[in-house]
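Notes to accompany the following structure.
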Amino acid sequence: MSALLDITNVTKNYGLKTALNNVTFSLEKGRILGLMGPNGSGKTTLLKVLSGVQHPASGEVIIDGKHVGVETKAMVSFLPDVNPLFSWMKAEDAIDFYKDFFADFDKVKCYELLDFMKLNRTQKVRSMSKGMIEKLNLSLVFSRKARLFLLDEPLGGVDPVARERIVSTIIKTYSEDSSIIISTHLVHDVETIFDDVCMINEGEIILQGSAEDLRSEHAMSIDQLYIKMFADKI
Amino acid sequence: MKAVIRQQWKARYKTALMLCGIISLVSLSVVLSGQGSRLFSSNSSLFQYWLSIAFAAVYFGVPVYTLTSVITTIKNMVFKDTKYLMLTVPKKSWKLIGGRLLVIMGELIAYAVVMLFWLSILFASESGGMVSFENQVYTSAAVGFFGRLGEIYSIVFVKHIVETIQIIPMALIGAVFIMMVFSFSLTLFASIFRHKQFPRVLSIILVYIMFDLTVRLMALIFNGYEVDAVSSMWPPAAIIALLACGLFAGTCILFEKRIEG
Amino acid sequence: MEFEDNVPIYLQIVVLIKKRIIQGLLKPGDKIPSVRELAEEVKVNPNTISRAYQELERDKITETKRGMGTFISGDENMMEAIRSEFSASMVTRFIRDMRETGFSDEEILKLLASAINTEGGK
Chain A
-12 MSALLDITNV TKNYGLKTAL NNVTFSLEKG RILGLMGPNG SGKTTLLKVL
38 SGVQHPASGE VIIDGKHVGV ETKAMVSFLP DVNPLFSWMK AEDAIDFYKD
88 FFADFDKVKC YELLDFMKLN RTQKVRSMSK GMIEKLNLSL VFSRKARLFL
138 LDEPLGGVDP VARERIVSTI IKTYSEDSSI IISTHLVHDV ETIFDDVCMI
188 NEGEIILQGS AEDLRSEHAM SIDQLYIKMF ADKI
Chain B
2 MKAVIRQQWK ARYKTALMLC GIISLVSLSV VLSGQGSRLF SSNSSLFQYW
52 LSIAFAAVYF GVPVYTLTSV ITTIKNMVFK DTKYLMLTVP KKSWKLIGGR
102 LLVIMGELIA YAVVMLFWLS ILFASESGGM VSFENQVYTS AAVGFFGRLG
152 EIYSIVFVKH IVETIQIIPM ALIGAVFIMM VFSFSLTLFA SIFRHKQFPR
202 VLSIILVYIM FDLTVRLMAL IFNGYEVDAV SSMWPPAAII ALLACGLFAG
252 TCILFEKRIE G
Chain C
7 MEFEDNVPIY LQIVVLIKKR IIQGLLKPGD KIPSVRELAE EVKVNPNTIS
57 RAYQELERDK ITETKRGMGT FISGDENMME AIRSEFSASM VTRFIRDMRE
107 TGFSDEEILK LLASAINTEG GK
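Each protein sequence line maps, in turn, to chains A, B and C.
End of the first sequence = 221 in this note's numbering, gap-free, step of one.
End of the second sequence = 262 in this note's numbering, gap-free, step of one.
End of the third sequence = 128 in this note's numbering, gap-free, step of one.
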């Protein structure tokens, strides 16, 4: 049976800079993958390619048997590391937008998540703090019954309580039919929720595998392993 | 497609209402101040002068602003953070652009209706009743404001109904064409210089070149062509419409193949 | 819950469940929390919890009844076995630490006896 996500020899350049260099890996369904690497290592570019925001220069991305396009966009839910909402929107306008464009969006679940995150649905995005915007976007993204969730630094810039809520939401959303890719710096806080781990540096994968196996093999936490792998590279 | 239109309309309707309000406010002021055609005459008071400027600014500015708002659409889809929303939505880009265009057209029609309404009031409120329409100098035999108003509407909608019915689609074609020139130029720019913001100057030059080429093309095709009646403007209008379609197609193809966020 | 760095997470979950059993928080016949419930509680990947549960099942600490769920097994010996396992590892570790720090066996026994007295009984 083929994997949910298959990336083969994907290369992406920005002018002379190589953001992704021959990246190859697959992700089975029902897995949570941690994507780790320093700034500029290619994590965001990879997620942009998977979500269809960018096209690879070469290589193939197959999601649930389909090439990236309108069909895959309908089953991929992307949380970027910036706020993608229009500033004129209120929370409920954003919900309305998602409802209009994403068939797999669950409005009821979103309102529940908003309550869980203690957000006001009539509040304007313009007047929200960074943490609140992050929580709103997370709620929107997770209210979709997507096959693949892509989260780009979902924990950056939020306080520990919010972080807890976000991790809880991630676990709550987990299902055997879908997979989640989380790119993060804050390895220590979330390593226990990863099934698989992928470390990327300068556009190339330097380590990948199951989190538990790596822990056993190297006799250390993923956080410590990350430090070890990148100590001489950063 | 319905969803696209609904969302684009949601984004714009408040602005549209506000602009209609502004147009009405400025127009009403001009009407009430009794200036009419003496908008920029030398014996206006300072207040009347500023009112004239406001009037010209609004009547010129609103259409120009609306026609160029397609720039904002492309910016939102390609350059701003909202690109992460617009480019991950499972809709073909031609639908997103097309939907936005339809909403802008709707706005333009709304503004045009409001402006033409106030212009009719303005003409009707003139004392002396000297109304000039095309090449005819028309002396109104009607008496009083409502008489003159009725006269204006009967000229437009009864006496010259044939021309009116033709001018409306031609104006729409013209508007669409202008918008398509903008969107194609900017999309072309964005697809070549992929990771930079628009430098304004370059994009203005590009737009100018496109209009210039169009004018030359039209002059070439219609060399010596007599424009004697409204109906004779159809051939040029048809060519413009064709060009507009071509530019739309070009914009969409570029979006599919080359554009990325 | 804080996790140790160099022990696989799933094994630490197994230990967690065993601990709850001997603490009386989970009694024989009790239904264990669902994979998702426990995952949310301790902030661990559901697959890891599943693996831990499989381990518990294999060790016959839990048993799955078709259509009803998974329960702590009612085996008395099992309880005793876990208690012994825990006490043995804790005692062994204590003695080793004390010896490493330089205490003799007589000192260890004496210290232990007086400490229990002052700590107060149950």
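Every residue, glycine too, gets a C-beta built ideally from N, C-alpha and C.
Predicted model, so just to flag it, every value in this text is computed and none were measured.
Query	Result
Return no unless some Cβ of chain A is closer than 8 Å to the Cβ of P91 (chain B).	yes
Could you name the residues of chain D that D182 (chain A) contacts, counting a contact when the two beta carbons are closer than 8 Å?	No chain D appears in the structure shown, which is made up of the protein chains A, B and C.
Chain B partners of S38 (chain A), CB-CB under 7 Å?	T89
If you reduce the DSSP assignment to three classes, tell me which class F147 (chain B) lands in.	helix
Under a three-way DSSP split, which group does E47 (chain A) fall into?	strand
With distances taken between CB atoms, is the gap from F256 (chain B) to I6 (chain B) smaller than 8 Å?	no
Using a Cβ-Cβ distance cut-off of 8 Å, determine whether R134 (chain A) contacts chain C.	no
Determine the burial state of L29 (chain B): buried for a count of at least 16 other Cβ atoms within 10 Å of its Cβ, exposed for fewer.	exposed
Under DSSP, the alpha helix (DSSP H) around K220 (chain A) begins and ends at which residues?	No alpha helix (DSSP H) contains K220 (chain A), which DSSP labels as neither H nor E.
What are the residues in the stretch 10 to 32 of chain C lying within 7 Å of chain A by C-beta distance?	D11, N12, P14, I15, Y16
Do you know how far the Cα of K96 (chain B) is from the Cα of C246 (chain B)?	14 Å
So, with DSSP's three-state summary, where would you put V13 (chain C)?	coil
Could you pull the DSSP bridge partners for S170 (chain A) from this structure?	A:L22, A:D139
Give the residues of chain A in contact with L261 (chain B), contact being defined as C-beta atoms less than 7 Å apart.	It should be noted that the sequence gives Glu, not Leu, for residue 261 (chain B). Going along chain A in sequence order, the residues near E261 (chain B) (Cβ under 7 Å) are V40, Q41, H42.
Taking only three categories from DSSP, how would you classify V132 (chain B)?	Confidence at V132 (chain B) is low in this model, with a pLDDT of 47, below 50, so the placement of that residue should be treated as unreliable; the coordinate-derived value is given next. Looking at V132 (chain B) - three-state DSSP - the assignment turns out to be strand.
Take every Cβ of the stretch 101 to 119 of chain A, pair it with every Cβ of the stretch 28 to 40 of chain A, and state whether three or more of those distances are shorter than 8 Å.	no
Establish whether the CB of N136 (chain B) and some CB of chain A are separated by less than 8 Å.	With a pLDDT of 39 at N136 (chain B), under the threshold of 50, the modelled position of that residue is not reliable, and no figure is offered here.
Are L62 (chain C) and V20 (chain C) closer than 8 Å when you measure CB to CB?	yes
If the cut is a Cβ gap below 7 Å, which residues of chain A does E46 (chain C) touch?	S155, I158, K159
Are the C-beta atoms of M62 (chain A) and some chain C residue less than 8 Å apart?	no
Please name the residue in A:L173, A:G190, A:E191, A:D182 whose C-alpha comes closest to that of Q211 (chain A).	A:L173
T83 (chain B) versus chain A: which residues are under 8 Å apart at the beta carbon?	P71, L72, F73
With N53 (chain C) and D182 (chain A) assumed to form a contact (beta carbons below 8 Å), what rounded beta-carbon distance in angstroms separates them?	5 Å
Give the DSSP-derived three-state secondary structure of G118 (chain A) in the structure shown.	helix
By the three-class DSSP mapping on this structure, what secondary structure does Q137 (chain B) have?	Reliability of the predicted coordinates at Q137 (chain B) is poor, the pLDDT of 49 falling under 50, and no value is obtained from them.
For A263 (chain B), go through chain A and note every residue whose CB falls closer than 7 Å to its CB, in chain order.	There is no way to answer for residue 263 (chain B), as the model of chain B reaches only from 2 to 262.
Between the alpha carbons of E46 (chain C) and K25 (chain C), how many angstroms are there, rounded?	19 Å
Please list, in chain order, the chain A residues whose beta carbon lies closer than 7 Å to that of I8 (chain B).	Residue identity check: residue 8 (chain B) is Gln in the sequence provided, not Ile. Per Cβ cutoff of 7 Å: F84, D87.
Return the CA-CA distance between R13 (chain B) and G196 (chain A), expressed in angstroms with no decimal places.	49 Å
Taking the straight line between their C-alpha atoms, what separation do you get for F194 (chain B) and R259 (chain B)?	11 Å
Based on the DSSP secondary-structure assignment, which residues constitute the bridge partners of C185 (chain A)?	A:L22, A:Q195
Contact between the stretch 230 to 248 of chain B and the stretch 171 to 183 of chain B is defined here as three or more beta-carbon pairs at a separation below 8 Å; is this criterion met?	yes
Nearest-angstrom Cα distance between P39 (chain C) and N51 (chain C)?	14 Å
Give the single residue among B:L86, B:I72, B:Y60 whose Cα lies nearest to the Cα of M76 (chain A).	B:L86
How big is the Cα-Cα spacing for R202 (chain A) and G17 (chain A)?	20 Å
Leaving out the 5 sequence neighbours to the left and right, which residues in its chain are closer than 6 Å to V157 (chain B) when beta-carbon positions are compared?	T165
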